[in-house]
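This note's numbering applies: residue -17 is where the sequence shown begins, and numbers increase by one.
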Amino acid sequence: RTWWLRASHELVSGVGASELILRANQLLEDLFHAQTITVYLSRRSGEAYQAMNPVLDRLPPDVESSEPLVAALEGAAEPIQLPERRDRAAEPELLPILVENEELIRATRARVLAPLRTNERLIGFIILGPRADGSDYGYEDRSLLETVTLQLAGAIRGAWLTEDLGAAREMEVFSQWAGVVVHDLKNFVSPLKLFMQNARRHLHNAEFREQAIDDIQAVVEKMDGAIHRLTALKHGEEMQLSPTDIEWILDSVLSRTGVTGRAEFTVQRHFAGLPPVTGDSLLIDRVITNLVTNAMEAMPEGGVLSVETEDLREAGSGGRWAVIRVRDTGVGMTPTFIRHRLFQPFATTKKKG
């Protein structure tokens, strides 16, 4: 009972598979005083079993799922005790293991093979070498080993599921970031596309060339910023706070996206004369650029784009807010889309995404 309680306490989900192997190794050493303890695991069905604690000389790093040892363990209801070399003829059913897996048996000095099984799948096995005092593994030893392996197999399976869940969450975060990157790239392309459309007609104009150079420089700086943010993604995105002129950013975005120079759009500015606010100018620029670009794409035949700021003060609390409103006369989104898909990665109502 004491050993069962120790196994239940130490071999639990919540730690990684590698830590579980270390704990199991120490537990089995204390239990059986085995001179060698070797663990092999296979995470997915059909894959080879890999040695998780390969410290022995000449130990095969992998055991293929087609080998006799694996076949025997898949059909075993309890740990398998291997005979001494002089007694091998007495158990002919074990000869395939003793012959075809001889290198593994010799390297581990195997005396007992114990399956690690979950949901009827063999996820691994444990090989115990001879005991320090030279005694045999009795029936009670094998029964206790079976209890430990059942506990260990369940804990390893739980650790793998936790790792898979973490990987799935990382992929979800990556997908969300990919959506942001795609959106940013589209915004970077907009002023370059506008420049290419007008270059043939206006390249001789010195004022046009000067403005184009400024716009291209701004795009380069923003692309550098995006690359820096992606590089630092694994550390989490941190805002770079500083005094920020929101209305200057609004004017810059309206100019850079080209909406003010296109006849099909009417741009209405209603600025409240906001003082500088504390914020990340690059992130604010990115948000406003997204809003203006989306507004332009929502009005393929043209329309009215209204950009407004407000200095909002909360009565009683003393709170003060800088408010930005961007409105357009485009088709907009359906109530169903707003309720169910608005903030999902890659969800869009636009044909080109």
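Backbone N, C-alpha and C define an ideal beta-carbon position, used for all residues, glycine too. Since we're looking at a predicted model, the values are computed, not measured.
### Query
What residues match up with residue 337 in a beta bridge as DSSP calls it?
The requested residue 337 is not part of the displayed model; the chain covers only -17 to 335.
### Query
Leaving out five residues before and five after residue 305 in sequence, what residues of the same chain have Cβ atoms less than 6 Å from its Cβ?
Counted from its first residue, the sequence shown places residue 305 at position 323. Closer than 6 Å at Cβ, skipping near neighbours: 292 and 294.
### Query
Excluding five sequence neighbours on each side, which residues of the same chain lie with their C-beta closer than 8 Å to the C-beta of residue 12?
Counting from one through the sequence shown, the residue named residue 12 turns up at place 30. No residues qualify anywhere along the chain.
### Query
DSSP puts residue 81 in a beta bridge; with which residues?
As a first step, residue 81 is located in the sequence shown; it is residue number 99 there, counting from the start. Answer by DSSP bridge pairing: none, since residue 81 is not bridged.
### Task
Using 10 angstroms around the beta-carbon of residue 93, count the other beta-carbons present and answer buried if the total reaches 16, otherwise exposed.
Looking up residue 93 in the sequence shown gives position 111. It is buried - the Cβ of residue 93 has at least 16 other Cβ atoms within 10 Å.
### Query
In terms of DSSP beta bridges, what is residue 303 paired with?
Counting from 1 along the sequence shown, the entry for residue 303 is found at position 321. In DSSP, residue 303 forms a bridge with 294.
### Message
Please list the terminal residues of the continuous alpha helix (DSSP H) segment that includes residue 5.
### Response
Locating residue 5 in the sequence shown gives position 23, counting from the first residue. Taken as a continuous stretch (DSSP letters only), the alpha helix (DSSP H) holding residue 5 covers -1 to 14.
#### Entry: Endpoints, the beta strand (DSSP E) within which residue 280 is located
On the sequence shown, position 298 is the one that residue 280 refers to. Where residue 280 is concerned, there is no enclosing beta strand (DSSP E), given that its DSSP letter is neither H nor E.
### Message
Measuring CB atoms only, is the stretch 24 to 44 touching the stretch 121 to 132, in the sense that at least three cross pairs come out at less than 8 Å?
### Response
no
### Local conformation of residue 44 per DSSP, three classes
In the sequence shown, counting from the first residue as 1, residue 44 sits at position 62. Looking at residue 44 - three-state DSSP - the assignment turns out to be strand.
### Task
Go to residue 239, then tell me how far its alpha helix (DSSP H) extends in each direction, as first and last residue.
Indexing the sequence shown from 1 puts residue 239 at position 257. Per DSSP, residue 239 belongs to the alpha helix (DSSP H) from 228 to 239.
### Query
Can you name, in chain order, every residue of its own chain whose Cβ lies under 7 Å from the Cβ of residue 54, other than the five neighbours on each side?
For this step, residue 54 is matched to residue 72 along the sequence shown. So the list reads 62 and 79, once near-sequence residues are dropped.
### Message
Three Cβ pairs or more, each shorter than 8 Å: is that satisfied between the stretch 181 to 196 and the stretch 241 to 256?
### Response
no
### Message
Please report the distance separating the alpha-carbon of residue 77 from that of residue 40.
### Response
Within the sequence shown, numbered from 1, the residue matching residue 77 stands at position 95. Within the sequence shown, numbered from 1, the residue matching residue 40 stands at position 58. Cα to Cα, the separation comes out at about 21 Å.
### Query
Apart from the five residues just before and just after residue -1, which ones in its own chain have a Cβ nearer than 6 Å to its Cβ?
Here residue -1 is taken as the residue at index 17 of the sequence shown, counted from 1. Around residue -1: 138 and 141.
### Query
residue 118: which of 66, 228, 297 and 282 sits nearest, CA to CA?
On the sequence shown, position 136 is the one that residue 118 refers to. It is 66 whose Cα lies nearest to the Cα of residue 118.
### Task
Can you grab the Cα-Cα spacing for the pair residue 224 / residue 268, in whole Å?
Counted from its first residue, the sequence shown places residue 224 at position 242. Counted from its first residue, the sequence shown places residue 268 at position 286. One C-alpha to the other measures close to 16 Å.
### Message
By the DSSP assignment, the beta strand (DSSP E) with residue 33 in it spans what residues?
### Response
One-based indexing of the sequence shown puts residue 33 at position 51. Element bounds for residue 33: 31 to 33.
### Query
Alpha carbon to alpha carbon, how far is residue 231 from residue 260?
Translated into the one-based positions of the sequence shown, residue 231 becomes position 249. Translated into the one-based positions of the sequence shown, residue 260 becomes position 278. Distance between the alpha carbons of residue 231 and residue 260 is about 13 Å.
### Beta carbon proximity, residue 35 to chain B, threshold 8 Å
Considering every chain present, this structure includes no chain B. It has just one protein chain.
### Message
If I measure Cβ to Cβ from residue 24 and keep anything under 8 Å in the same chain, skipping five residues before and after, which residues do I get?
### Response
If you number the sequence shown from 1, residue 24 lands on position 42. Cβ neighbours of residue 24 beyond the five flanking positions: 30, 31, 32, 47, 104, 105 and 106.
### Query
Taking the alpha-carbon positions, what's the residue 257 to residue 234 distance?
Counting from 1 along the sequence shown, the entry for residue 257 is found at position 275. Counting from 1 along the sequence shown, the entry for residue 234 is found at position 252. Taking the straight line from one Cα to the other gives about 17 Å.
### Query
By the 10 Å Cβ neighbour count, where 16 or more other Cβ atoms means buried, how is residue 83 classified, buried or exposed?
For the purposes of this step, residue 83 is taken as residue 101 along the sequence shown, with counting starting at 1. By the 10 Å Cβ count, residue 83 comes out buried.
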